[in-house]
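So the mapping is simple: the numbering used here equals the position in the sequence shown, first residue as 1, plus 1090.
The beta-carbon is built from N, C-alpha and C at its ideal position, and this holds for glycine as well.
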Amino acid sequence: MTQTSNRFFDEVARLMNDAAGVAQGIKREVDTMFKTQAEKWLRDLDLVKREEFEAVKDMARLAREENEVLRTRIAALEAKLGAGPSASPASPPPPPSDPTSPVA
């Protein structure tokens, strides 16, 4: 009788192990499907990756710094030439002549 009961418990334990393995496989499959769907939704939203955002942010910072350097150089050149930013712009070009005008 002891062999029969041991065999029964062995079979139950094997079934439980198989069930646990199946459950883990299902969990992995659900996780994979969820991750794939989430990535698809994010791609459809056209979101940028953090690395791309940081790269563009650095490019913008460098451009602002370069603009500031150029602004100071322009101010120095204008001061050297005596034409400050408050100087009047060049006179506008004359208006085009009207071909129907008798004075033309």
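* Asked: Does DSSP put G1115 in a helix, a strand or coil?
  -> Residue state, collapsed to three classes: helix.
* Length of the line joining the Cα atoms of K1125 and E1158 -> Taken atom to atom, the span from the alpha-carbon of K1125 to that of E1158 is near 45 Å.
* Asked: What are the start and end residues of the alpha helix (DSSP H) that includes K1147?
  -> Looking at the DSSP string, the run of the alpha helix (DSSP H) that includes K1147 is R1140 to L1171.
* Asked: Does DSSP put D1108 in a helix, in a strand, or in coil?
  -> The DSSP-derived three-state label of D1108 is helix.
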